[in-house]
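Chemist:
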Amino acid sequence: MGNGTSTIIVIPAFNESGSLPDVLQHLRRVVPEFAVVVVDDGSSDNTYDLALAAGVHALKLPFNLGIGGALRAGFRFAAEQGFQRAVQFDADGQHDVHEIAKLLAELDRGADLVIGSRFAGTGEYEVGRTRSVGMGLLRVAVRLLSGRRFSDTSSGFRAISARMLQQFADEYPVEYMDSTETLISACRMGYDVREVPVTMHERSAGEPSNRNFRLLYNYARLLVVLATTARSQSPALPPVTPPPTVDLTTPAGVVNVAEVNS
Amino acid sequence: MSTGAHLLLIAITGGTILAILRLVRRQVLRAKYSLLWLTVGLGLLLIAAWPALLDLIADSLGVNYQPALFLMLAVAFLLIIAVHFSFELSRLESRARTLAEEVALLRNELTTQQRANQPVEPAQHQEHS
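Residue numbers (the working numbering), protein chains in the order written: chain Y, 19 to 280; chain Z, -18 to 110.
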């Protein structure tokens, strides 16, 4: 880590004043060498002021764009500022600051998109029954559409390489379920997507971002988007910098999903 | 059709056309849409003033029941308009989104500059150039 590559932590935040200060404080304590940008997605509370007060970069969207909109703004900022890697991190205290290194280590091994999975081993993450059924369905859909197996298709804890970052800054779905959509399209475009098990906490404040009927709508929307995106549509990948080292020994605990789709 | 109904129809379509012209004059409606609705209005006015025209068209197309032709055309037209508006709406939404991002980035730049002018503020992350 840290071999001349600059890293930024992108935190989308919508009314997260309850948990954001703690999250920022943890980040400063554990990874002080990383820049942080908080994207305030049109909050009605003082999320933006708290981010400013913490001395991190802060983007204030004039109105709520949704999680995908906030993320693209953050990725655009990261790309424009010339950052080499980005880590997407939640403002609600769900993600563990200490796990960031694990994701970044996988980027160093040549991955473009590293997903911190709640279900790939470490930690016991509990979800409600409706959600778990929904997530199961989504896993199957992702497997069919991307040709790969992922244990967590909707994780918002991800590390992003320079060329993936460029891609996300240019094009990122606005709507909810952005993570699943980008996961599949990244696979289809030939990016190296990997999954790493991480421990997650309970949310320290705020409400889960979705209700069941909304979730259903979003599943339907996602299916339409994915069905209409041609499978053959794979634009030329930008060159990898630095070139990935050939790594035959898969490190323990890493679910390597790259081989399935050769 | 009675003369009264006939006159009423002409008045309604004529009134619609005038209302559209008024919207354009007050610059509430963009010219491209006004042209569209004016064309529709004129077509309707023509048929209202001279109903035999519809019969003529229907006969020449081999449609036995003239109102069916009229309704079919109306539905097809409205469908096309609705799809077109959805398209325009999507485009506007994506532009608004880009603008929102642009505003956020600019505001950040401004705040950063203001901070730089106040040396009291601690510089946090300077690892990027």
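A virtual CB, placed ideally from N, CA and C, is assigned to each residue, including glycine.
Between the region 173 to 191 of chain Y and chain Z, which residues of the former have a C-beta closer than 9 Å to a C-beta of the latter?
Modeler: Against chain Z - using a Cβ distance shorter than 9 Å - the region 173 to 191 of chain Y contributes no residues.
Chemist: Examine chain Z for any beta-carbon lying closer than 8 Å to the beta-carbon of L68/Y, and answer yes or no.
Modeler: By this cut-off, L68/Y is not an interface position.
Chemist: Is the distance from the Cβ of P30/Y to the Cβ of G92/Y below 8 Å?
Modeler: For P30/Y and G92/Y, yes; Cβs fall inside 8 Å.
Chemist: Should the region 158 to 165 of chain Y be regarded as contacting the region 53 to 73 of chain Y, the criterion being three or more beta carbon pairs within less than 8 Å?
Modeler: Flag = no, the region 158 to 165 of chain Y and the region 53 to 73 of chain Y do not touch.
Chemist: Using a Cβ-Cβ cut-off of less than 7 Å, list which residues of the region 65 to 84 of chain Z approach chain Y; keep chain order.
Modeler: Listed by position along the chain: R78, A81, E82 and V84.
Chemist: So, do the region 150 to 158 of chain Y and the region 112 to 125 of chain Y have three or more beta carbon pairs nearer to each other than 8 Å?
Modeler: Touching, no.
Chemist: Going by DSSP, what residue range makes up the alpha helix (DSSP H) through H44/Y?
Modeler: Element bounds for H44/Y: L38 to V48.
Chemist: Taking CB distances under 8 Å as the criterion, tell me whether L79/Y reaches chain Z.
Modeler: Yes, L79/Y counts as interfacial toward chain Z.
Chemist: Counting only the same chain and skipping the five closest in sequence on each side, list residues whose C-beta sits under 6 Å from that of A39/Z.
Modeler: Closer than 6 Å at the Cβ level, and outside the excluded window around A39/Z, lie Q47 and L50.
Chemist: Just grab the DSSP bridge partners of R103/Y for me.
Modeler: According to DSSP, R103/Y bridges with T25/Y.
Chemist: Alpha carbon to alpha carbon, what distance is there between Q184/Y and L2/Z?
Modeler: Between L2/Z and Q184/Y, the C-alpha separation is close to 48 Å.
Chemist: Measure the alpha-carbon distance for T(-3)/Z versus I61/Z and round it to whole angstroms.
Modeler: Rounded to whole angstroms, T(-3)/Z to I61/Z spans 21 Å at the Cα level.
Chemist: Any beta carbon of chain Y sitting closer than 8 Å to that of L91/Z?
Modeler: So no, L91/Z is outside the interface.
Chemist: Taking beta-carbon pairs under 8 Å, can you tell me which members of the region 87 to 102 of chain Y lie near chain Z?
Modeler: The residues in question are G87, R90, A91, R94, F95, E98, Q99, G100 and F101.
Chemist: Pop quiz: S24/Y and F101/Y are said to be a contact at Cβ under 8 Å. What is the actual Cβ separation, rounded to whole angstroms?
Modeler: Their Cβ separation, rounded to whole angstroms, is 5 Å, which keeps S24/Y and F101/Y in contact under 8 Å.
Chemist: Assuming D130/Y and D210/Y form a contact by the criterion Cβ under 8 Å, report the distance between their Cβ atoms to the nearest whole angstrom.
Modeler: Right, the Cβ-Cβ distance comes to about 5 Å (below 8 Å), so this counts as a contact.
Chemist: Does any C-beta atom of chain Z lie closer than 8 Å to the C-beta of H75/Y?
Modeler: It does; some Cβ of chain Z falls within 8 Å.
Chemist: Is there a C-beta anywhere in chain Y that falls below 8 Å from the one on R3/Z?
Modeler: Not an interface residue.
Chemist: I'd like to confirm the pairing. Which residues does DSSP put opposite D58/Y in its beta bridges?
Modeler: DSSP lists A31/Y and K78/Y as partners of D58/Y.
Chemist: State the Cα-Cα distance for the pair G(-15)/Z and E189/Y, rounded to the nearest angstrom.
Modeler: Spanning the two alpha carbons is a distance of roughly 60 Å.
Chemist: Might you give, ordered along the chain, the residues of its own chain that have their beta carbon closer than 8 Å to the beta carbon of A204/Y, omitting 5 neighbours on each side?
Modeler: Hits under 8 Å: D130, L131, M182, Q185 and V211.
Chemist: Give every residue of the same chain whose Cβ lies closer than 8 Å to the Cβ of A29/Z, excluding the five residues on either side of it in the sequence, and list them in chain order.
Modeler: Correct list, in chain order: H(-13), L(-10), I(-9), I(-7) and T(-6).
Chemist: Between which two residues does the beta strand (DSSP E) containing G87/Y stretch?
Modeler: Here G87/Y belongs to no beta strand (DSSP E); instead the alpha helix (DSSP H) covers I85 to E98.
Chemist: For L37/Z, decide whether its Cβ has a neighbour in chain Y, counting only Cβ atoms nearer than 8 Å.
Modeler: Cβ-Cβ to chain Y under 8 Å: no for L37/Z.
Chemist: Exposed or buried, what is V264/Y when buried is set at 16 or more other beta-carbons lying within 10 Å of its beta-carbon?
Modeler: Confidence in V264/Y is poor, its pLDDT being 44 and thus under 50, which makes the residue's placement too unreliable to answer from.
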